[in-house]
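Peer 1:
Residue numbers (this note's numbering): 4 to 763.
Okay, here's the thing in C-alpha cells:
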C-alpha cells in the first residue's frame, strides 16, 4: 500500500480545520443570534451539494432505455419542444404582470405625491410632502422586505448569482421552488414601486429559471400536485437544461433580446452546451419576447402593433443624426476605461458593505429595518436634490410623465425631477433621447454622484431587485454629462450628440459592474434596435471588462464567492500542474460491499460526521488472492429509496423474488429524498442482506492517483460529475474527488491558495 505520510499532510489540513470549526459552532449554537457572525471570504461552505448531472447507468436505467423504441424517443423530443414553448409563454406572462402592476402602482404613487407637492408649493410646508413621499416608499419597501426576509430569503437580490451556481452544478437550497417565484415577483413589484434604486430586469432571469424547473417536472412539490406528465425529465440532467432555457427566456422578456438571452445563458450560465440545446433555448426566448409583446400591445390598446418587445425599451436610435466617425473611437475607449474604474469602485464598495451585512445584519428584523432606512433615504435624497435644483426647462415638446413645477416659472418643469421622480427605466430612456440642452451639467453631475452611492447601498438589501437598470442609469447620466462637456470643448460641433454618449456610458458602466461582454453587446444592440453601434459598444465593453478585472472581479462572481459556494470555473487554476489527484482527493473513503448488511448501510447513512452522498461499491468477499476492486458507485438517494421500499432478503444466498423496483420509484422520490431519520428499520431487518448490484452504477468514472489536478478538473467539469473515484493500479479505491476538493484551490494574489472548509 501507499506510505501513510503522503496522506498525512492533507489529512491534517482538512481534519484539523473541520474539527475546530465544528467545535466553534457547538459553542456558538446555544446563543442563537450572536451579535457578530465571523465571516471569512477564504472559506468554502459545506452546506451546498452538487447536482447529479451524470446519469447513473445501472441495470434499471439500461433496461428502460432498451425498451424505449424510436417512436417513443421522438415523442420525448416533441415534449422537450412543448416544454420550451410553455416556458416562453409563461415567462412572458409573468413579465407582463410585473410590468403592468408596477406601472399602475408607481403611477398612483407619483400622482399622489405630485398633487401634494403642487398643493404645498403654493402655501408653504413642503416638509409634509417629503414626509409623505418617504413614508409611502418606506412602507411599500417594508412589505417587500418582510416577505423576502421572513418567508424566502433566497429570493433576495437579483437571483443571477444563484442561477449561475445552479447551472454550474451546485444545489442551492430552495432556489427553483414555486414559493421563491411568488415571493420574487411580489418583491420586485414592491421594491420598484417603493422607489429604491433597482430594476425589475435581473429578477426576470430567476423567475424564468423557476418557471422552467417547475414545468419540466410536470408536478409541483410545494402544492403536492402531480400531473403525471413529463416523468421522463425528473432528473438533474434534464432539469438543468430546461433551467438554462428559462434563464434565457427571462433575459429576452426583460430586454426584448432573444439572441442576447441565448448568449447570456451561454456566457454566464450553462456549463454544458450542445447544438440542440441552443436551438431549443432560442425557441423559448423568441416565444417569450413574442408573448410579452402581444400582451402588452393589447394592453396598450393597439392590438396589431407589436412595438414593445421587452420590459425596457431604449427606443430607436436614428442613424442620420446619430452616426459616429472614426475619430470618436478613442473617446469611446476612454469611456470604457472610466466605466471599468467606476464599476470596480462600485464592486469594491459593495464587497465591504456585503461583508458588513453578513457579519452584523443577519437577523430578519434588522434586514427589514435596513431596507426601510434605504427607502426613506432614497426618497429624502431625491426630494432634497429636486428642491435645491434650479434647473428649469420648458414643458413644450418634452415627454415627461410627471412634470414637477416647484419653484419654476409657469410652463416650465424641474429637470432634476425627470431623473428622480420616475421609475428608473423611464429615466434611462429620457437620458438617451431627450434633445440636447434638456439637462444642466450640474444636475447630471449631482445625480450621478448620489445615484451611484444609492445603487451601491441598495444592491444586497433583503429585497428582490436587479442591478441592471441602476447601472445603466448611472452610466447614461455620466455619459450624457461627458457628451455635453465634449460639445462645450468643441464649440458645439454637430457630432457630439449627448444621447449617443449616454448610450456608451450606460454600456461602459454596466460592463464595468457585471463584466459580461458578448451577451451584453448583443442585448444593447437588440434593445436599441441599431446594429451600427455594435462595434463601439463592443469596444467599450471589452475595455471596461479588462480595466475592471485588473482591480476586482465582477459583481456576480464576487457575491458567489462571498456566499462560499464551491463554484467551478472553466479552467483549473493556471499554476496547479504540480498537484496530483492523490493530494487533492478526500480520504478515507466509506465503501460498501456488493452484498451488504442492512444494518451497516443504515449506520453509514445515519452517521452525521460524514454526510457523503456517493459510496463506491467493492467486491463482497475478497479472499487472500483477490483484491477488493471497485465494482460500481451508488448514491445516498438510491440507498434511501431501497431502504424505504425494503428491498432486502434474509440471507446472502437467497435471490430477490419480491416486487422489482422500477426507475419510476426513484423518480417519484426526486427531488426531495426523505432523510434517513424518517425511515424505520427494525432490529430483525438490520440482519438482512441487501444486494446493490442492479442499482449501482457499474461504470463510474475513475482516475489514477497520479493524474494532475488540471486533468482531473477537466474531466470533472466537462462531464458535470459529482463524484470521481481515485483508484490505484490494482483498481482499489484510495480516494474520492468531489466538487469541494477542486473548488478549494484558487488563484490568489500570491499564487495558488487553498481555502479551508467550514460547516456554515
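We put the CB at the ideal spot given by N, CA and C, even for glycine.
Nearest-angstrom Cα distance between residue 757 and residue 74?
Peer 2: Taking the straight line from one Cα to the other gives about 51 Å.
Peer 1: According to DSSP, is residue 232 part of a helix, a strand, or is it coil?
Peer 2: The answer is coil: DSSP assigns residue 232 none of H, G, I, E or B.
Peer 1: With DSSP as the reference, label residue 614 as helix, strand or coil.
Peer 2: Coil at residue 614, not helix or strand.
Peer 1: Would you check if the region 178-189 and the region 154-168 touch, i.e. whether three or more CB-CB distances between them fall below 8 Å?
Peer 2: The region 154-168, when compared against the region 178-189, does touch it at the 8 Å Cβ threshold.
Peer 1: Taking a contact to mean a Cβ-Cβ separation below 8 Å, would you say residue 163 touches residue 205 in this structure?
Peer 2: Their beta carbons are under 8 Å apart, which means residue 163 touches residue 205 by this criterion.
Peer 1: What does the alpha-carbon distance come out to for the pair residue 503 and residue 483?
Peer 2: Distance between the alpha carbons of residue 503 and residue 483: 8 Å.
Peer 1: Between residue 197 and residue 140, is the Cβ-Cβ spacing less than 8 Å?
Peer 2: Closer than 8 Å, so yes.
Peer 1: Kindly indicate which three-state DSSP category residue 79 falls into: helix, strand or coil?
Peer 2: If DSSP states are grouped into helix, strand and coil, residue 79 belongs with the helices.
Peer 1: With DSSP as the reference, please indicate the residues paired to residue 757 in a beta bridge.
Peer 2: Answer is 748, bridged to residue 757.
Peer 1: Can you look up residue 45 in the DSSP assignment and give me helix, strand or coil?
Peer 2: Here residue 45 sits in coil by DSSP.
Peer 1: Alpha carbon to alpha carbon, what distance is there between residue 712 and residue 4?
Peer 2: For residue 4, the predicted structure reports a pLDDT of 39, less than 50, and the residue's modelled location is therefore unreliable. The matter cannot be settled from this model.
Peer 1: Output the boundary residues of the beta strand (DSSP E) element that contains residue 705.
Peer 2: Residues 705-707.
Peer 1: For the alpha helix (DSSP H) that residue 428 lies in, which residues bound it at each end?
Peer 2: Element bounds for residue 428: 427-436.
Peer 1: Going straight from the alpha carbon of residue 270 to that of residue 57, what length do you get?
Peer 2: Their Cα atoms are separated by approximately 22 Å.
Peer 1: Please give me, in chain order, every unbroken run of the alpha helix (DSSP H) with length at least 4 that falls completely inside the region 384-423.
Peer 2: Counting whole runs of 4 or more residues, the region 384-423 contains the alpha helix (DSSP H) stretches 418-423.
Peer 1: Look at residue 87 and residue 283 and say whether their C-beta atoms are less than 8 Å apart.
Peer 2: Yes, these two residues count as a Cβ contact at 8 Å.
Peer 1: Comparing alpha-carbon positions, which option in 470, 448, 465, 571 lies nearest residue 486?
Peer 2: Closest by alpha carbon: 448.
Peer 1: Considering residue 588, what are the terminal residues of the alpha helix (DSSP H) in which it resides?
Peer 2: It is not in any alpha helix (DSSP H) - residue 588 carries neither H nor E in the DSSP assignment.
Peer 1: Spell out whether any CB of chain B is found under 8 Å from the CB atom of residue 221.
Peer 2: Absent here is chain B; the protein component of the structure consists of one chain.
Peer 1: List the endpoints of the continuous alpha helix (DSSP H) containing residue 254.
Peer 2: Segment 239-258, the alpha helix (DSSP H) holding residue 254.
Peer 1: First and last residue of the alpha helix (DSSP H) that includes residue 195?
Peer 2: Looking at the DSSP string, the run of the alpha helix (DSSP H) that includes residue 195 is 181-196.
Peer 1: Roughly how many angstroms lie between the CA atoms of residue 1 and residue 557, to the nearest whole one?
Peer 2: Since the first residue shown for the chain is 4 and the last is 763, residue 1 is missing from the structure and cannot be characterised.
Peer 1: Let's test the definition: count the other Cβ atoms within 10 Å of the Cβ of residue 742 and tell me whether it reaches 16, buried, or not, exposed.
Peer 2: Its Cβ being crowded by 16 or more others within 10 Å, residue 742 is buried.
Peer 1: Just to confirm the assignment: which complete alpha helix (DSSP H) runs, minimum length 4, are found wholly within the region 523-577?
Peer 2: Fully enclosed alpha helix (DSSP H) runs of 4 or longer: 537-554, 558-565.
Peer 1: Per DSSP, which residues does residue 693 bridge with? Please list them.
Peer 2: Residue 693 pairs with 599.
Peer 1: Just grab the DSSP bridge partners of residue 174 for me.
Peer 2: Looking at the DSSP assignment, residue 174 forms a beta bridge with 52.
Peer 1: Short check: CB of residue 49 to CB of residue 761, under 8 Å?
Peer 2: In contact: residue 49 and residue 761 (Cβ atoms closer than 8 Å).
Peer 1: Between which two residues does the alpha helix (DSSP H) harbouring residue 639 extend?
Peer 2: From DSSP, the alpha helix (DSSP H) with residue 639 extends over 639-647.
Peer 1: Quick one: Cα of residue 72 to Cα of residue 66, how far?
Peer 2: If I take the Cα positions, the gap works out to 12 Å.
Peer 1: Within this structure, are the beta carbons of residue 738 and residue 589 separated by less than 8 Å?
Peer 2: The answer is yes: Cβ separation under 8 Å.
Peer 1: Thinking just about the alpha-carbon of each residue, which of 571, 532, 536, 520 is nearest to the one in residue 552?
Peer 2: With distances taken between Cα atoms, residue 552 lies closest to 520.
Peer 1: Go through its chain and collect everything with a Cβ distance to residue 349's Cβ below 6 Å, but skip five positions before and after it.
Peer 2: Result list for residue 349: 459, 516, in chain order.
Peer 1: Between which two residues does the alpha helix (DSSP H) holding residue 449 run?
Peer 2: It spans 444-461 - the alpha helix (DSSP H) in which residue 449 sits, taken as one unbroken run.
Peer 1: Between which two residues does the alpha helix (DSSP H) carrying residue 144 extend?
Peer 2: Residue 144 -> alpha helix (DSSP H) spans 129-149.
Peer 1: Could you tell me the distance, in whole angstroms, from the CA atom of residue 216 to the CA atom of residue 111?
Peer 2: Approximately 35 Å, taken between the alpha carbons.
Peer 1: From the DSSP secondary-structure annotation, give me the bridge partner or partners of residue 635.
Peer 2: In DSSP, residue 635 forms a bridge with 620.
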